[in-house]
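Visitor: Residue numbers (our numbering): 157 to 483.
Note that CB positions come from ideal geometry on N, CA and C, so glycine has one too.
I'd like to ask you about the structure that follows.
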């Protein structure tokens with residue numbers, strides 16, 4: 157779940173605890189080209205304040221209008237289905253491209269206990285399925301896994317929620333600063349570990365959160381899971397390899413280390429000598445990044461994050477970076 161969805165749910169919880177009327181909208185189906193994918197959410201407060209998004213803007217305007225013109229009665233059903241873009245003219249009026257159509261659930265939020273529980277479980281790095289009964293509005297939370305996807309059969313919406321994707325950087329040098337800044341824009345939670353106090357100066361809180369201890373300890377401390385990427389960027393094998401020994405045996409979906417092809421092969425040989433299995437070593441990405449001709453720290457950061465995002469999104473990689481001097 158990205159920070160937008162988290163903020164929607166946090167706002168729902170805050171507004172309901174303050175006694176505000178709240179409607180929660182979720183995209184459940186799309187046809188053609190739609191601005192937001194199924195699962196996107198928007199919360200509408202009783203005074204018309206909104207957070208989140210389900211389209212490019214025009215649908216949001218109509219949802220607010222529904223509130224003000226009485227199309228959302230206070231004693232209405234707990235859940236309704238709303239469809240936008242049935243005709244080409246309507247699609248154009250609501251800003252849906254190429255005659256696209258989207259269907260939303262309009263859910264009256266009552267007791268917000270399920271919202272608090274869902275947020276707590278996501279913060280504990282659990283993946284959770286929320287089942288919404290369209291007829292009754294009843295919500296049931298159940299464990300889910302990374303392969304589960306949103307489903308809707310007309311009677312029940314089963315949406316999947318999980319923690320934000322995380323990126324643990326080993327090393328707080330110049331390259332890490334670029335990587336951290338770009339990763340934040342891509343909505344990763346950024347964590348940094350560097351026991352070298354000389355490199356800590358100049359890091360601001362918004363760049364990420366420092367994890368204390370040695371790199372191998374940091375990998376264990378954060379309870380690495382399938383939504384975690386780990387990249388060693390110190391260029392010091394005493395620190396990088398320490399992290400890799402633990403990270404490559406973890407559930408991290410991406411583990412990489414800065415280095416040329418020659419140095420990357422030396423690192424693999426060293427990890428084997430340290431007792432790491434060949435299966436684990438084969439998980440190592442090195443050299444890191446896609447081949448975009450990168451030379452500067454910012455370009456290398458872009459190359460790295462392009463690779464991480466592609467793997468996160470299940471895209472087959474075809475463009476690995478060749479040997480580069482000094483990397």
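Compute the Euclidean distance between the alpha carbons of residue 480 and residue 455, then round it to the nearest angstrom.
Guide: Bear in mind that the predicted position of residue 480 carries a pLDDT of just 41, short of 50, making it unreliable; the figure below should be weighed with that in mind. Using only the alpha carbons, I get a separation of about 13 Å.
Visitor: Classify residue 396 as buried or exposed, calling it buried when 16 or more other Cβ atoms lie within 10 Å of its own Cβ.
Guide: buried
Visitor: Can you name, in chain order, every residue of its own chain whose Cβ lies under 7 Å from the Cβ of residue 302, other than the five neighbours on each side?
Guide: 283 and 382
Visitor: Using only CA atoms, which one of 191, 277 and 261 lies nearest to residue 162?
Guide: 277
Visitor: With 16 other CB atoms within 10 Å as the buried threshold, where does residue 384 fall?
Guide: buried
Visitor: Quick one: Cα of residue 330 to Cα of residue 349, how far?
Guide: A straight line joining the alpha-carbon of residue 330 with that of residue 349 spans about 14 Å.
Visitor: Going straight from the alpha carbon of residue 201 to that of residue 168, what length do you get?
Guide: Rounded to whole angstroms, residue 201 to residue 168 spans 8 Å at the Cα level.
Visitor: Does the separation of the CB atoms of residue 407 and residue 415 fall below 9 Å?
Guide: no
Visitor: As an exercise, report each continuous alpha helix (DSSP H) stretch of at least 4 residues that is fully enclosed by the region 326-351, in chain order.
Guide: 330-341
Visitor: Once you ignore the five residues that flank residue 158 on each side, which residues in its own chain have a CB closer than 6 Å to its CB?
Guide: 343
Visitor: Using a threshold of 9 Å, state whether the C-beta atoms of residue 334 and residue 413 are closer than that.
Guide: no
Visitor: For residue 179, name the three-state secondary structure that DSSP assigns.
Guide: strand
Visitor: Using the C-alpha atoms, what's the distance from residue 441 back to residue 472?
Guide: If I take the Cα positions, the gap works out to 14 Å.
Visitor: Less than 9 Å between the beta carbons of residue 210 and residue 198, yes or no?
Guide: yes
Visitor: With burial defined as no fewer than 16 other Cβ atoms inside 10 Å of the residue's Cβ, what is the status of residue 388: buried or exposed?
Guide: buried
Visitor: Within a Cβ cutoff of 8 Å, which residues of the same chain sit near residue 449, ignoring the five residues on either side of it in sequence?
Guide: 455
Visitor: Looking at the secondary structure, which residues open and close the alpha helix (DSSP H) in which residue 429 lies?
Guide: 417-429
Visitor: What are the residues that DSSP puts in a beta bridge with residue 413?
Guide: 388
Visitor: Within a Cβ cutoff of 7 Å, which residues of the same chain sit near residue 316, ignoring the five residues on either side of it in sequence?
Guide: If we look at residue 316 and ignore the five residues flanking it on each side, its Cβ neighbours are 283, 285, 300, 304, 305 and 306.
Visitor: In this structure, does DSSP put residue 159 in helix, strand or coil?
Guide: helix
Visitor: Check whether the Cβ atoms of residue 236 and residue 203 lie closer than 9 Å to each other.
Guide: In this structure, residue 203 does not lie closer than 9 Å to residue 236 by Cβ.
Visitor: Measure the C-alpha to C-alpha separation of residue 390 and residue 298 and round it to an integer number of angstroms.
Guide: Taking the straight line from one Cα to the other gives about 40 Å.
Visitor: Please report the straight-line C-alpha distance between residue 196 and residue 427, rounded to a whole angstrom.
Guide: For residue 196 and residue 427, the gap between their C-alpha atoms comes out near 42 Å.
Visitor: DSSP has residue 263 in a bridge; who is on the other side?
Guide: 180 and 235
Visitor: For residue 441, does the three-state DSSP call read helix, strand or coil?
Guide: Residue state, collapsed to three classes: strand.
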